[in-house]
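What follows is a set of notes on a single structure, which appears directly below.
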């Protein structure tokens, strides 16, 4: 019983992490309809920035995390202005080819600079070990992930639903022409959103080094997970991808624990079935326009 | 002349063999004789060309974007390997066809999943199927050999006449023969009314349905056929290299394949063939510059191609040949220009 609860807890932490990693993609893919397979590359960049800062420069872990966000967001902003914005109107095939190219480049570049082995980020002692909570073992690091990601989710939802920027973004996505007619600077809104999503991915990458493992093949290995979150969750709000990530996280941890031999089989099957049953995602309105 | 006769005359003229095509195949054959030390890489190019041809059928003609075409390649490769290993069908040509049929059956079954939904769903479903098969192959490692792959495949002589040699001479001519035959078949198919209807579907599915083309049935048919081609390519891979391992299903294989087709241009059959040659050459060059990191340059090529724009790039590539042809023959270029896909 307690092991089931521990598993549930780990699954929730894993799912939260996936959400932070993938919610930027929910905006680019789900809302802006841009197939960005290179989203994991930004996450990897954040993870490596954090690792270098903490391990080699000796920064404290909690200072490394925001820097991972800033670094990824900066890379995202530069790439968006230089490359991505030319491709918003192009066919999905072009977008796929372009982002796959970026993935290949990032994999080889990180392999060249940092080596191909998995890296770890030195954690402060306060985050190691478990807390015993009424007999249920709760990992401190995972607890921290849940707290951070939960706060982020709430803030994101507030920004999207309540702020002026949120309503601008929703307007720009719903109808870019009408939005720019109303005086909204649509390219600027998109650029900012893209960079912010990349930053979140970077933060997620830094947090995930401990749980998912961080090596140069990260963007390829987890590409399908990010895509699942977005396509299964749909894109009408932040809630869809959030629930989808939790579902995916819990199912993956439970699957690995109870039927280890079936491996990722369960998840892929589930994804295909869900996509066939509801092509616009479980909670979706229009995932593919 | 009625409009119908006009259309059919146009279609028939489009299907006629041109001297440049004959020249292309003569050059291929000449290369096979001219570079005896390069049999292995040429056989590799022939296999890749066949695989690219199979993607061209669905991407270039029917407009289905697939990120998991390696699924059929892998199924073909493993079926051929298992048949040879367990002595089920030992004669390579029969095994080749059988492996193609297995992949074809899978293609038929999965085509129902693929025709549902738009581009994005298709991408996800095709990718998911390939990953699923990879996971399955890993799971049932007692059958597939897991990460080590199938070990100890020994091939019987082709048609009981030509034994595979270590220099890959027989393997090369075998691959080329298969490629040529299947190319002829594909050429016949894409110029048939069936092939023309596929182009109509690609340009506008709604309009195609309105003029009475059964869109879904046509897409299922071409997807199934393409799976057959990919299965044959996979089986050729196993037969000529005596190897089948988990990486036949890998995402990189599907992604590389897209690059091959994009380099050559989709939608005129020769794109995959030319792309395969260029791709392997690029790979050779890149791996001599930076052995371990050639993927970086491949990625760069992809990014540059997309940013420059595929139609524009093909205009540049065909500029010199077209100029020469114009000077000599005094008419417009005969080299087909790939259709831009919407």
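Protein chains in written order, with the numbering used here: chain H, -9 to 279; chain R, 107 to 448.
Don't be surprised by glycine CBs; every beta carbon is placed ideally from N, CA and C.
Everything numeric in this text was worked out from a predicted model, so none of it was measured.
Is residue i helix, strand or coil when you go by DSSP?
| i | result |
| --- | --- |
| residue 442 of chain R | Low per-residue confidence applies at residue 442 of chain R: pLDDT is 47, beneath 50, and the placement is therefore not dependable, though the value from the model is reported in the following sentence. Correct three-state label for residue 442 of chain R: coil. |
| residue 173 of chain R | coil |
| residue 339 of chain R | helix |
| residue 224 of chain R | coil |
| residue 214 of chain H | helix |
| residue 9 of chain H | helix |
| residue 120 of chain H | strand |
| residue 25 of chain H | coil |
| residue 270 of chain R | coil |
| residue -8 of chain H | helix |
| residue 383 of chain R | helix |
| residue 64 of chain H | helix |
| residue 349 of chain R | coil |
| residue -1 of chain H | helix |
| residue 204 of chain H | strand |
| residue 277 of chain H | Below a pLDDT of 50, predicted positions are generally treated as unreliable, and residue 277 of chain H, at 40, falls in that range; the measurement from the model is reported next regardless. Three-state result, residue 277 of chain H: coil. |
| residue 448 of chain R | Because residue 448 of chain R carries a pLDDT of 36, less than 50, the predicted location of this residue cannot be relied on, and no value is offered for it. |
| residue 182 of chain R | helix |
| residue 371 of chain R | coil |
| residue 118 of chain R | helix |
What whole-angstrom Cβ distance do residue i and residue j have, given they're in contact under 8 Å?
| i | j | result |
| --- | --- | --- |
| residue 180 of chain H | residue 22 of chain H | 6 Å |
| residue 28 of chain H | residue 96 of chain H | 7 Å |
| residue 36 of chain H | residue 209 of chain H | Going by Cβ atoms, the distance from residue 36 of chain H to residue 209 of chain H rounds to 12 Å, so no, they are not a contact pair. |
| residue 286 of chain R | residue 131 of chain R | 7 Å |
| residue 201 of chain H | residue 4 of chain H | 7 Å |
Please state whether the Cβ-Cβ distance between residue i and residue j is less than 8 Å.
| i | j | result |
| --- | --- | --- |
| residue 382 of chain R | residue 258 of chain H | no |
| residue 181 of chain R | residue 212 of chain R | yes |
| residue 223 of chain H | residue 2 of chain H | no |
| residue 162 of chain R | residue 378 of chain R | yes |
| residue 321 of chain R | residue 327 of chain R | no |
| residue 214 of chain H | residue 233 of chain R | yes |
| residue 156 of chain R | residue 291 of chain R | no |
| residue 130 of chain H | residue 121 of chain H | yes |
| residue 294 of chain R | residue 179 of chain R | no |
| residue 284 of chain R | residue 235 of chain R | no |
| residue 366 of chain R | residue 84 of chain H | no |
| residue 190 of chain H | residue 14 of chain H | yes |
| residue 228 of chain H | residue 147 of chain H | yes |
| residue 361 of chain R | residue 90 of chain H | yes |
| residue 235 of chain H | residue 9 of chain H | yes |
| residue 255 of chain H | residue 238 of chain R | yes |
| residue 282 of chain R | residue 134 of chain R | yes |
| residue 135 of chain H | residue 197 of chain H | yes |
Pick out whichever of the options has its Cα sitting closest to the Cα of residue i.
| i | options | result |
| --- | --- | --- |
| residue 204 of chain R | R/215, R/222, R/184 | R/184 |
| residue 56 of chain H | H/227, H/194, H/251, H/217 | H/194 |
| residue 230 of chain H | H/53, H/94, H/12 | H/12 |
| residue 380 of chain R | R/144, R/153, R/108, R/122 | R/153 |
| residue 19 of chain H | R/354, R/419, R/227, R/347 | R/227 |
| residue 202 of chain R | R/260, R/343, R/397, R/146 | R/343 |
| residue 271 of chain H | R/140, R/231, R/110 | R/231 |
| residue 403 of chain R | R/388, R/417, R/412 | R/388 |
| residue 183 of chain H | H/196, H/159, H/170 | H/159 |
| residue 278 of chain R | R/113, R/119, R/138, R/117 | R/138 |
| residue 247 of chain R | R/266, R/352, R/264 | R/352 |
| residue 271 of chain R | R/129, R/142, R/428 | R/142 |
| residue 86 of chain H | R/384, R/405, R/346, R/273 | R/405 |
| residue 148 of chain R | R/276, R/417, R/396, R/364 | R/276 |
Give the residues of chain R in contact with residue i, contact being defined as C-beta atoms less than 9 Å apart.
| i | result |
| --- | --- |
| residue 262 of chain H | 219, 230, 231, 234, 235, 238 |
| residue 50 of chain H | By Cβ distance, chain R contributes nothing, its closest Cβ being about 33 Å from residue 50 of chain H, past 9 Å. |
| residue 186 of chain H | The premise fails here: residue 186 of chain H is roughly 22 Å from chain R at the closest Cβ pair, so nothing lies under 9 Å. |
For the ligand HEM, is there a heavy atom less than 7 Å away from the beta-carbon of residue i?
| i | result |
| --- | --- |
| residue 423 of chain R | Absence of the ligand HEM is noted for the structure shown, with no ligands found whatsoever. |
Would you mind telling me which residues of chain A sit closer than 7 Å to residue i, beta carbon to beta carbon, in chain order?
| i | result |
| --- | --- |
| residue 404 of chain R | Reference to chain A is not applicable here, since the protein chains of this structure are H and R. |
Interface residues of chain H around residue i at Cβ under 7 Å?
| i | result |
| --- | --- |
| residue 361 of chain R | 90 |
| residue 241 of chain R | 253, 254, 255, 258 |
Please list, in chain order, the chain R residues whose beta carbon lies closer than 7 Å to that of residue i.
| i | result |
| --- | --- |
| residue 269 of chain H | 222, 223, 227 |
Show which residues of chain H have a CB atom less than 8 Å away from the CB atom of residue i.
| i | result |
| --- | --- |
| residue 389 of chain R | Correct list: empty, because the minimum Cβ distance to chain H is about 12 Å. |
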